[in-house]
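What follows is a set of notes on a single structure, which appears directly below.
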Amino acid sequence: MTNHAVRNDAARSDAARNAALPLDTTDTAIATAATASGTAAAATSVSRSTPRRSNPRRSILRPTIWLPVVVALLVAGVLWELIAINNTYLLPRLGMIGQAIITQPSFYLENAWITLSEALIGLVIGFVAAFIVAVIVTESGILRRAIMPLAVVLNVTPVVAIAPALVVAFGFGPAPKLIVTALITFFPILMNVITGLNSVSPPILQVFATLRASRLEVLTRLRLPSSLPYVFAALKVVFPLSIVGAVVAEFSAPGAAKGLGTVISVASSNSRLAVVYAAILCLAIMGAVLLFLVTLLEKRVLRWHESQLLKRG
1 MTNHAVRNDA
11 ARSDAARNAA
21 LPLDTTDTAI
31 ATAATASGTA
41 AAATSVSRST
51 PRRSNPRRSI
61 LRPTIWLPVV
71 VALLVAGVLW
81 ELIAINNTYL
91 LPRLGMIGQA
101 IITQPSFYLE
111 NAWITLSEAL
121 IGLVIGFVAA
131 FIVAVIVTES
141 GILRRAIMPL
151 AVVLNVTPVV
161 AIAPALVVAF
171 GFGPAPKLIV
181 TALITFFPIL
191 MNVITGLNSV
201 SPPILQVFAT
211 LRASRLEVLT
221 RLRLPSSLPY
231 VFAALKVVFP
241 LSIVGAVVAE
251 FSAPGAAKGL
261 GTVISVASSN
271 SRLAVVYAAI
281 LCLAIMGAVL
291 LFLVTLLEKR
301 VLRWHESQLL
311 KRG
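According to UniProt numbering, the sequence shown holds residues 1 to 313 in order.
Below is the structure:
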């Protein structure tokens, strides 16, 4: 009985000391809430089971991944040849397109690099501008009501109509091409980022308000992580779209010396269909590669998100 009482008294004294320990109720709580707010569904999935780590190389080598693509390309090639074999004035034979690229590889590489550079630089400009505007309109209702109508008007204005005016204003250099590309990519990024910043559930916002988190803490620890899936969804759209913007700008700058858009314009005026479709093929490959790279980056950055956990699980 005496030993029993001693153990009970020791347990009670330990509990009392633990209860008396001070708690950091601000930074720790905010950090915990921010971590939990990344995605509630992802946390639920992790708690249910630990997902298996997938090897990207093995995923790509699986027949279910590459076989449908190969079959689709073969079917498209056969249909192309069936149409082109008796209608070379409409479509060149695939062999003619391949020969155009093989005989002048440096020509296509040089022009592809110019178009790709214009597309990527314009995309960066459009992305940074759209992201800043999205944060501003999310944090300020007055600025949102002032800026969003202007953004909508800019979006519905045909860029093809603006491009010649930009060429007149800035000349035939890279400036009008970068502006056109930035304008084309601006609005999709803006709307997706705004949606992502506002996608935080109200209960989590109330937790941060209860903990008296500053607006900067709410933005950096809560809203920005929650917007990442929407940002990558926008990038999947605007990366190929930036190629379109660069080509449109090159079409609108007849004095431009290089770029795949210029190649297409000059070759079509000379009825060189093989060169036209060879340049189009280069543009398609560029867009597909950019989309593939964005998808890989999304899988690496958003490993914590529910969509990626479900794919791996």
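Backbone N, C-alpha and C fix where the C-beta goes; we use that ideal spot for every residue, glycine too.
Predicted model only: the values in this text are computed from it and were never measured.
Check                                                                                                                                                                       : Outcome
According to DSSP, simplified to helix, strand and coil, what is Gly95?                                                                                                     : helix
May I have a chain-ordered list of the alpha helix (DSSP H) segments no shorter than 4 residues that lie completely inside the stretch 239-287?                             : 260-269
Do you know how far the Cα of Met286 is from the Cα of Leu183?                                                                                                              : 20 Å
With distance defined between alpha-carbon atoms, name the residue in Ile65, Ala249 and Leu197 nearest to Phe172.                                                           : Ala249
Return the chain-ordered list of same chain residues with a C-beta closer than 7 Å to the C-beta of Pro240, the five sequence neighbours on each side being excluded.       : Gly287, Leu290 and Leu291
Drop a sphere of 10 angstroms on the beta-carbon of Arg145, count the other beta-carbons inside from all chains shown, and report buried for 16 or more, exposed for fewer. : exposed
Residue range of the alpha helix (DSSP H) that Arg212 falls in?                                                                                                             : Per DSSP, Arg212 belongs to no alpha helix (DSSP H) and is neither H nor E.
For Pro22, which three-state DSSP category applies?                                                                                                                         : Unreliable positioning characterises Pro22 in this predicted model, as indicated by a pLDDT of 42, which lies under 50. A coordinate reading is not provided.
What's the gap between the Cα of Leu79 and the Cα of Pro63?                                                                                                                 : 23 Å
Work out the CA separation of Arg272 and Leu302 for me, nearest whole Å.                                                                                                    : 45 Å
Evaluate contact between the stretch 258-272 and the stretch 107-120, counting only Cβ atoms and requiring at least three cross-stretch pairs below 8 Å.                    : yes
Residue range of the alpha helix (DSSP H) that Gly77 falls in?                                                                                                              : Pro63 to Ala84
So for Arg303, helix, strand or coil by DSSP?                                                                                                                               : coil
Alpha carbon to alpha carbon, how far is Leu73 from Ala274? Give it in angstroms, no decimals.                                                                              : 19 Å
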